[in-house]
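In what follows, a structure is listed as structure tokens, so that the remarks can point back to it.
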Amino acid sequence: MRVLGTILILSAAGAAGLAAEPGNLIDDGDFQALKSWTANDHLRTEGKVTLLPQDRGVQIHNPEIDRDGSLYQDVATGGHEWFAYSMRIKGAGVFDDGGMMRASAAFVSFDRAGRVLDLRTPTRVSGTAWRTYQGTLRVPRDTARLRVVLSVLKGSCSYAEVSLRKTEAAIAAPTRAKLEPGKGFSVETFTTDRPIWELHAEDLDNDGRPEIIACDVDGVVTVRHHGGPPFLTYAAGALVYQFEAADLNGDGTKEILLSSVDPKVAIKAIDLAGREALTIPKPELGFDRLAVGDLDGDGMPEIVVSKGNGVRGASGLAGGWSVYDRAGKLRWERVEPLREFRVAVVGPEPGAKLVVGGPGIEFRLYGEGGQLLAQHSIDTTRLDHFAVADVDGDGHAEIVAAANTGGRMSVWCVRGDRILWKCAMPELGGGGALSGMNLAVADFHPESPGLETALVGTHDVFLIDATGILIYRNEPAGRKDGAAVKSGGGIGCTDIACWNERKPVLYLASSQYRHRAYYGLKFGGADDFSRYQVPDLDQHLEEIYVAAKRQVARPLRNGGKVKVFMAMGEFARVPEATLREYAAALKKLETPALEFLVMYEASDLLGHERGLKMTTDQIAERARLLEKAGIPFGYFAAHCYQVWLSQEAIRRSKEAAPTMFRFLYVAENLELFYGPLWRDFLRWCDATLSFCAGHGMKMVFKEKHDSWGVMPADPDLFN
16 MRVLGTILIL
26 SAAGAAGLAA
36 EPGNLIDDGD
46 FQALKSWTAN
56 DHLRTEGKVT
66 LLPQDRGVQI
76 HNPEIDRDGS
86 LYQDVATGGH
96 EWFAYSMRIK
106 GAGVFDDGGM
116 MRASAAFVSF
126 DRAGRVLDLR
136 TPTRVSGTAW
146 RTYQGTLRVP
156 RDTARLRVVL
166 SVLKGSCSYA
176 EVSLRKTEAA
186 IAAPTRAKLE
196 PGKGFSVETF
206 TTDRPIWELH
216 AEDLDNDGRP
226 EIIACDVDGV
236 VTVRHHGGPP
246 FLTYAAGALV
256 YQFEAADLNG
266 DGTKEILLSS
276 VDPKVAIKAI
286 DLAGREALTI
296 PKPELGFDRL
306 AVGDLDGDGM
316 PEIVVSKGNG
326 VRGASGLAGG
336 WSVYDRAGKL
346 RWERVEPLRE
356 FRVAVVGPEP
366 GAKLVVGGPG
376 IEFRLYGEGG
386 QLLAQHSIDT
396 TRLDHFAVAD
406 VDGDGHAEIV
416 AAANTGGRMS
426 VWCVRGDRIL
436 WKCAMPELGG
446 GGALSGMNLA
456 VADFHPESPG
466 LETALVGTHD
476 VFLIDATGIL
486 IYRNEPAGRK
496 DGAAVKSGGG
506 IGCTDIACWN
516 ERKPVLYLAS
526 SQYRHRAYYG
536 LKFGGADDFS
546 RYQVPDLDQH
556 LEEIYVAAKR
566 QVARPLRNGG
576 KVKVFMAMGE
586 FARVPEATLR
596 EYAAALKKLE
606 TPALEFLVMY
616 EASDLLGHER
626 GLKMTTDQIA
636 ERARLLEKAG
646 IPFGYFAAHC
656 YQVWLSQEAI
666 RRSKEAAPTM
676 FRFLYVAENL
686 ELFYGPLWRD
696 FLRWCDATLS
706 FCAGHGMKMV
716 FKEKHDSWGV
726 MPADPDLFN
């Protein structure tokens, strides 16, 4: 008995290490056969499925932009709540008709009666190489079966080695922190004529002082010495996407390179007299990433420009790059998805390399002629930004990368294939991590060995030491618990610049693109940043509101009403009784000239990961409830040329809510009009407009950079 008891104790204690991995609940996950998988009706009749025996996978092809082409398999949960999934996914080419618009692995939870309890689309598929996607998910408690769906919208995508295994709840890694209370960043404020949109700091004239290069919100570029007035003003013709600087003519003074958010404005370089020193015609759509450096060791810089920006199925990615010499002559180029790149000395071989990062925590090193020297795949977590620096001071450069892990930021320090450290950030104070955080590596804290990494977002600033320990985060008073999205309060910054790795100044662009100033931050003294207050630029709005409320409401001349959209997902979730309360509240807000309408991102297309995931039946049922409650509503249906709501859901919503379903909302960016999807998308717009016109509905087009206005003016699009 004692021996048996000992054995049992040892088995329990060592279960995690000795027990075999839980079995794969997916049959034919290696796709040696398809007998366990079911094709949905659309894939079976209109699409194509091809087995890939050598890759242990399958390719799904779907010709439609707004109908899922899917393979699926149901798994009995046995009452278990936590599951680990893993699969390899490879997107198709990004420039031809074989490219994919969107693809995803989705998970649908059903109860015993077949009702859908939950839909998840955790994978954001990008890239043309096989990548492993894995994670954990928790299903609702009453889930009887879990459906694994491999779905593609418009194009081809391949899946391989799909597995689903029972697991236990994951324990989030705690942040390693050693904060010094009261210690932080001092803030120096520099007034500007207009708010700053994009910022760069560089010693252009080799005098040991930084010049501050800025593009304001009107597209005017200024150059000034630190703290001084502008000595150069240049009309860029549009907002600048990125600055770089390099000595292109060998005279000892650097020229300023700039790329534009306007997809038809060429990349330019100007000298300190404002003269254009170089123009690189732009055959690709914006936004162009830039990098400069001496790749071939001749003492003169090369210029790297991204291409295929905004590739299919890959928000925030580019599809490749071109390398030019200092005169703008093309040297070599490559088609390959990426997040961003740097020219830096890294790796065992001497000399500078082109370091290409993304889509995940993965980096490729290229030599002067485009030869691939090394490839390091660390993790599939989406890369945000990265820098190359000798963080620990041992004479060898590391790559420091910021990543978005399920809406929470993390910072990784890697050398080759080895992870030196990883720091998971605390929960953000507001604004979310999806908008990205900027990164700078420098000796911000000279008392500590090595270099520190600053991570700067719209509401949060973090500082991490050379060993991956968090040594600073701004206090809640500065973060305003998410309220800093309003004018006033702490600095809400979306662009930074850093000068001088050894005695650094961290520059922040204008808060919310509205405060007429930029800011210089130095670490080590009192934490002025957490206490900093941006002037309240919205006070006049309160005065206007009060004055307007005192006036007698008057109907519009045409007898119509001004429409106010309430964009809130709650209208799709709350019970019927709460909807009636919401309807009464909205009615109280109405005036003879104002009408309130509800909008949310209903999405029944599983091939697209965006939107509030609902079945088509659920969308129609919610439309019926909104009709019954008397709440006029519409759907945010598409963005970036990509649709996440089916035509069937639109049609059935109108049947269920003939009077209350009023509109569809579509948002676009100018640069996407020159991308690979615009023909498909305009065909979708044509069909959807016809439906709306035939049913007394509106399509609301939201534009950025006058995207809808430019369409009829540009023959490349209009014809």
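If you're matching positions, the sequence shown starts at 16 in the numbering used here and goes up one per residue.
Virtual Cβ for every residue (Gly too), placed ideally from N, Cα, C.
Bear in mind that the values here come from a model prediction, so they are computed numbers and not experimental data.
6 Å Cβ shell around residue i - same chain, five flanking residues per side excluded
i	result
P582	As written in the sequence, residue 582 is Ala, which differs from the Pro given in the question. These residues qualify, in order along the chain: M614.
D83	S166, L620, L621, G622
P225	A216, D218, H241, W514
G113	For G113, the predicted structure reports a pLDDT of 45, less than 50, and the residue's modelled location is therefore unreliable. A value from the coordinates is still provided. A107, S171.
Residue i, buried or exposed, once every other Cβ within 10 Å from all chains shown has been counted against 16
i	result
I559	exposed
G493	Bear in mind that a pLDDT of 42 at G493, under 50, signals an unreliable position, so the number given afterwards is only what the model happens to contain. The residue in question, G493, is buried, as its Cβ has 16 or more Cβ neighbours within 10 Å.
I376	buried
G410	exposed
D701	exposed
N573	exposed
E270	buried
K518	exposed
I186	exposed
N221	exposed
T509	buried
Within 8 Å, strictly: CB atoms of residue i and residue j
i	j	result
A416	D405	no
I511	Y547	no
R103	G72	yes
K169	I80	yes
V164	V123	yes
D89	D126	no
L443	D407	no
P374	G38	no
R397	N419	yes
D231	P244	no
G335	E348	yes
E663	T630	no
R677	F648	yes
D286	A253	no
Beta carbon proximity, residue i to chain B, threshold 8 Å
i	result
G626	Protein chain content of the structure displayed is limited to a single chain, and chain B is not contained in it.
Separation of residue j from residue i, as counted between CA atoms
i	j	result
A498	V426	The predicted model places A498 with a pLDDT of 39, which falls under 50 and marks its position as unreliable; any figure quoted below should be read in that light. Going from the Cα of A498 to the Cα of V426 covers about 25 Å.
L247	P196	42 Å
F716	F611	18 Å
R430	I414	6 Å
L388	F356	15 Å
M315	R346	14 Å
V658	D542	45 Å
K643	K576	22 Å
T482	F378	21 Å
M714	R162	34 Å
R239	I228	7 Å
R354	T206	33 Å
V358	K628	41 Å
F544	D458	18 Å
L310	G709	59 Å
For residue i, the three-state DSSP class (helix, strand or coil)
i	result
W145	coil
S119	strand
V361	coil
L704	helix
L620	coil
F538	strand
H95	coil
G150	strand
E462	coil
D632	helix
K643	helix
Proximity test, residue i beta-carbon vs the ligand ZN heavy atom, cut-off 7 Å
i	result
G574	Ligands are entirely absent from the displayed structure, and the ligand ZN is therefore not among its contents.
Close Cβ partners of residue i (< 8 Å) along its chain, the five nearest in sequence each way excluded
i	result
V520	A216, P225, H241, C513, W514, G535, L536, K537
I486	A192, K193, L194, E195, H460, S463, E467, L478, I479, D480
A175	D45, F46, L67, D70, R71, G72, V73, M102, R103, I104, K105, W145
L272	F258, E259, A260, A261, I282, K283, A284, L293, L305, V307, I318
L134	A121, F122, V123, S124, L621, K628, M629, T630
Close-in-space but distant-in-sequence residues of the same chain around residue i (CB under 7 Å, 5 per side omitted)
i	result
M452	D399, A417, M424, L470, V471, G472
D111	In this predicted model, D111 has a pLDDT of only 42, less than 50, meaning its place in the structure is not dependable; the value taken from the coordinates is given anyway. Correct list: empty, nothing qualifies.
T674	E642
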